[in-house]
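Participant: Residues -17 to -1, 1 to 62, numbered by mature numbering (1 follows the signal peptide of the UniProt record, and there is no 0), are exactly what the sequence shown covers, in order.
Glycine residues also receive a C-beta, built at the ideal position from the N, C-alpha and C atoms.
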Amino acid sequence: MLGLIILIPLVIVPAMGGTYKDTANVVSTVLFVSGVTVKIHLIQGPSFVYLAPTLAIINSPEFQGLNGNVCFCSCFCLV
């Protein structure tokens, strides 16, 4: 599960134009949140189901301005 947790940020962050420092920050955040969920006895792994649509939105020219809005609105889908 650790490899899957790290693999998704390694794919998505460079696709969004992030630097190595941005990738390191996202991987650190993902590992921290994963550690918090283990402490509260909630084991949750990443899902590759959302990887293809996310990369399609990132690489689509008509959705370039919507990346922040999509990320913001996805928080409401989680709740």
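1) Enumerate in chain order the residues of its own chain whose CB-to-CB distance from S17 is below 7 Å, with the five nearest sequence positions on each side excluded.
2) Output the boundary residues of the alpha helix (DSSP H) element that contains P36.
3) In angstroms with no decimal places, state the Cα-to-Cα distance between I40 and T12.
4) What is the rounded straight-line gap between the Cα of G(-15) and the Cα of P(-9)?
Facilitator: Let me spell this out:
1) Translated into the one-based positions of the sequence shown, residue 17 becomes position 34. Excluding sequence neighbours, S17 sits near I(-13).
2) Position 53 of the sequence shown, counted from the start, is the residue given in the question as residue 36. Start and end: L34 to N42.
3) Start at 1 with the first residue of the sequence shown, and residue 40 comes out as number 57. Start at 1 with the first residue of the sequence shown, and residue 12 comes out as number 29. Near 22 Å, if we compare the C-alpha coordinates of T12 and I40.
4) The residue labelled residue -15 in the question sits at position 3 within the sequence shown. The residue labelled residue -9 in the question sits at position 9 within the sequence shown. Cα-Cα distance, rounded: 11 Å.
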